[in-house]
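Scroll down for the structure; my scribbles are underneath it.
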Amino acid sequence: MTAPRPILVGAVAYDPKVVTIWEIIKAYFEDHGTPMDFVFYSNYGLLVTALLDGDLDIAWNSPLAWVDAVRRTGGTCRAIAMRDTDRDRVSHIVVRADGDVRTLADVRGRTIAVGAADSPQATLIPLGLLADNGLVPDEDVAVLRHDVLVGKHGDHVGGERDALDALLAGDADACAMLDLNHAGWTADGTLDPATTRILATTPPFDHCVFTVRADFNAAAERDWLATLFTMDYANPDHREMMDLEGLKAWLPGRTSGFGPLTEAVGRFGFFEGRRVGAPAEPTSLRDAAR
Amino acid sequence: MQDVTHAWTVRVRADGPDDATAHARRHVLRLGAAAGFDAEAPLPSAVEALLAALGADLLSTFAATARRARLPHDALEAVLRCTLDNPLVHLGVIGETGSPRIAAIDGTFYVSSDAGTDDIERIWTLTRARSPLYTTLERSVALAVRLCPTP
């Protein structure tokens, strides 16, 4: 009897440590009798194409890749699972505490620093918040973009971090960041809550999601999800893997949390090739090398 | 030029994924992945072994050179690190460009000795010129090993 064909999962890798995490996840699935393997791509465009071409069974999509998959499948693709930490994220617009930007309206005529052009959390959704409040990016507000590893949809926090540096250096009056990064940078001292403050917060949105085509084999999907949902944070053998992936529980996929991004993508013509803001000049050899 | 050719042979056998045994004469060396990224990997990677070999070469060559020059030393130690041009290419990430080659090696060579700094530096210069691995790698890699004499 031949062994069942492994379920092939695709993901984007921006750092070798991502591969280490997936090696552990693969071993977990194999130990539970659900063979899986993975393929890595350099960017989400390639990942979504591979999924739609049938080269993959499941894609670990960024929120923007999900919106792209919905667009390219006419809405037939399905969201099957996500981390608890992918749900109800928000992004903050942060300003200097001693500055004179007191309300969102004060941002008019000033500069906001954002992450990469394709970062949902550090560019598209925060700029959508400005637009919702009558501030048209590039018209009412200058946008300073930090294009680090474009194609990876802001997975790499470098652009988001550079946007914070631009705020702290006085090159921008505000910057955008994911709530998790705000918390992390506050905890490690990168961001001083005494000298910065949160000016505004976006509506909640969902982040990464395992995505399949409409024709994905139902039995394979059921088995794979059953194994995924067996991961238990209370089990020490599972905890390291879940910590590495940044979650305490896997949850069923949902599609209700992609509204703010879908709206921003449409408003800014992202998939028509338009980009908001001007890319920042590299400020260091490190930046130039990216 | 006099024919002083001597060849070395190592036999390397795969014992499993990321597990190989190298036999050099009657000595055995176990190695893991080509370039491991898991801090808990049970075996040193081939890249780490290369660094170890370079370090051992420099230590051995320095000791021999110092002995001939009657330069006393208490202890020698080398700390070396390297980076790859693009490790994601090695990992087979589709769409990545560049090379998995070692892009740079840097480190520090510590010499504990009461000898004068000029004498230690002279031995260090000879060491680098006589080191088989250093002279090989410096032709293809950005190689910068700093001498650090300590009393």
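Keeping their order, the protein sequence lines are chains A and B. Residue numbering for the first sequence follows my numbering, starting at 5 and increasing by one per position. Residue numbering for the second sequence follows my numbering, starting at 3 and increasing by one per position. Positions of the beta carbon are idealized from the N, C-alpha and C atoms, including for glycine. Remember, predicted model here, so these are calculated numbers, not experimental data.
Are the beta-carbon atoms of residue i and residue j separated by less than 8 Å?
| i | j | result |
| --- | --- | --- |
| A:F220 | A:D61 | yes |
| B:A35 | B:S47 | yes |
| A:L124 | A:I97 | Rather than Leu, the amino acid found at residue 124 of chain A in this sequence is Pro. No, these two residues do not count as a Cβ contact at 8 Å. |
| A:P141 | A:V280 | yes |
| B:V125 | B:T67 | Sequence check: residue 125 of chain B is Ile here, not Val. Closer than 8 Å, so yes. |
| B:T119 | B:R148 | no |
| A:D210 | A:G261 | yes |
| B:V95 | B:P102 | no |
| A:M40 | A:P10 | yes |
| A:Y45 | A:G14 | yes |
| B:P151 | B:I122 | yes |
| B:L93 | A:V111 | no |
| B:A24 | B:A16 | no |
| A:A121 | A:V154 | yes |
| B:G97 | A:L50 | yes |
| B:L52 | B:R32 | no |
| B:I107 | B:L145 | yes |
| B:D76 | B:A105 | no |
| A:I84 | A:G257 | yes |
| A:L248 | A:I25 | yes |
| A:R201 | A:V99 | yes |
| A:L12 | A:V52 | no |
If contacts are defined as beta-carbon pairs under 8 Å, then residue i and residue j qualify, I think. What distance do you get, rounded to the angstrom?
| i | j | result |
| --- | --- | --- |
| A:T115 | A:L148 | 6 Å |
| A:L265 | A:R91 | That belief does not hold up - the Cβ atoms of A:L265 and A:R91 are roughly 14 Å apart, past 8 Å. |
| A:R82 | A:T206 | Incorrect: roughly 26 Å between the Cβ atoms, too far for contact. |
| A:G103 | A:D177 | 6 Å |
| A:A180 | A:A167 | 6 Å |
| B:T129 | B:F64 | 4 Å |
| A:W70 | A:V269 | Contact doesn't hold; Cβ gap of about 11 Å is too wide. |
| A:M246 | A:Y32 | In fact, because the Cβ distance is near 10 Å, the residues do not count as touching under 8 Å. |
| A:F275 | A:R75 | 6 Å |
| A:L128 | A:A204 | With 8 Å as the limit, A:L128 and A:A204 do not qualify as a contact, their Cβ atoms being about 15 Å apart. |
| A:A227 | A:T38 | Here the sequence assigns Asp to residue 227 of chain A, which means Ala is not the residue at that position. Contact flag correct, Cβ pair sits at about 5 Å. |
| B:V49 | B:A37 | 5 Å |
Residue i: buried (16+ other C-beta within 10 angstroms of its C-beta) or exposed?
| i | result |
| --- | --- |
| B:P153 | exposed |
| B:V30 | exposed |
| B:S142 | exposed |
| B:V6 | exposed |
| A:W189 | buried |
| A:A135 | buried |
| A:H240 | One detail in the question is off: residue 240 of chain A reads as Pro in this sequence, not His. Exposed, because fewer than 16 other Cβ atoms sit within 10 Å of the Cβ of A:P240. |
| B:H8 | exposed |
| A:L157 | According to the sequence provided, residue 157 of chain A is His. The question's Leu does not apply to it. Label assigned to A:H157: buried. |
| A:V161 | buried |
| A:D35 | exposed |
| A:V94 | buried |
| A:F272 | buried |
| B:P19 | exposed |
| A:A117 | buried |
| A:W64 | buried |
| B:G100 | exposed |
| B:S114 | exposed |
| A:R165 | buried |
| A:D159 | buried |
| B:A131 | exposed |
| A:R290 | For A:R290, the predicted structure reports a pLDDT of 43, less than 50, and the residue's modelled location is therefore unreliable. A value from the coordinates is still provided. A:R290 is exposed by the Cβ-count criterion. |
| A:V152 | buried |
| A:A73 | buried |
| A:T80 | exposed |
| B:T137 | exposed |
| A:F233 | exposed |
| B:T185 | An answer regarding residue 185 of chain B cannot be provided, because it is not within the stretch 3 to 153 covered by chain B. |
Using DSSP bridges, identify the partner residues of residue i.
| i | result |
| --- | --- |
| A:G14 | A:V43 and A:A63 |
| A:A83 | A:T215 |
| B:Y112 | B:E79 and B:C150 |
| B:G18 | B:D21 |
| B:I96 | A:Y45 |
| A:V111 | Bridge partners of A:V111: none, in fact. |
| A:F209 | A:R93 |
| A:M4 | Residue 4 of chain A falls outside the range modelled here, since chain A spans only 5 to 294, and no answer is possible. |
| B:A144 | B:A106 |
| B:S86 | Before going on, a small fix: residue 86 of chain B reads as Leu here, not Ser. Partner(s): B:I104. |
| A:T200 | A:R100 |
| A:H157 | Bridge partners of A:H157: none, in fact. |
| B:H29 | B:A26 |
| A:I129 | Answer is none; A:I129 lacks a bridge partner. |
| A:I116 | A:V147 and A:A178 |
| A:W254 | A:R87 |
Open item on the list: Across the segment 56-64 of chain B and the segment 80-88 of chain B, are there enough close Cβ pairs to call them in contact, namely three or more that are closer than 8 Å?
Closed with: Yes, the segment 56-64 of chain B touches the segment 80-88 of chain B.
- [ ] Output, in sequence order along the chain, the residues in the segment 89-109 of chain B whose CB is closer than 9 Å to any CB in chain E.
- [x] Chain labels in this structure do not include chain E; the protein chains are A and B.
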